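Position one of the sequence shown corresponds to residue 31 (the numbering used here), numbered consecutively onward.
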Amino acid sequence: MTRLLAGMAFFMLVTAQATAETPYDRKLEQAVMRIVAAKMGDIRGGFSYAQTPQLIRAPSVPFAAPREEASAGAKDAG
């Protein structure tokens, strides 16, 4: 019984350390974003990172009925 309790305590200790979150620094993230954006420069193209590009839709293609295959008669003859 003590082994079971000790095992459960060990398991809870290990999982508690695994699920603990690391401290998050928002100022560090913002600084990294500025540095990376400056280094990327013209690679990014003409869009801002906060702007959503408006995509152009392709023109609709008229529907055409499927054509009959040339080898369709060969299947029936065989």
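The beta carbon of each residue, even a glycine, is placed where N, CA and C say it ideally should be.
Quick caveat: nothing in here was measured; it's all calculated off a predicted structure.
Residue i in three-state terms, based on DSSP
{"i": "residue 87", "result": "coil"}
{"i": "residue 80", "result": "coil"}
{"i": "residue 31", "result": "coil"}
{"i": "residue 64", "result": "helix"}
{"i": "residue 98", "result": "coil"}
{"i": "residue 93", "result": "coil"}
Residue i versus residue j: straight-line alpha-carbon distance, rounded
{"i": "residue 88", "j": "residue 99", "result": "29 angstroms"}
{"i": "residue 57", "j": "residue 64", "result": "11 angstroms"}
{"i": "residue 43", "j": "residue 86", "result": "55 angstroms"}
{"i": "residue 45", "j": "residue 93", "result": "59 angstroms"}
{"i": "residue 60", "j": "residue 39", "result": "40 angstroms"}
{"i": "residue 31", "j": "residue 55", "result": "44 angstroms"}
{"i": "residue 70", "j": "residue 62", "result": "12 angstroms"}
Under 8 angstroms between C-beta atoms of residue i and residue j
{"i": "residue 79", "j": "residue 68", "result": "no"}
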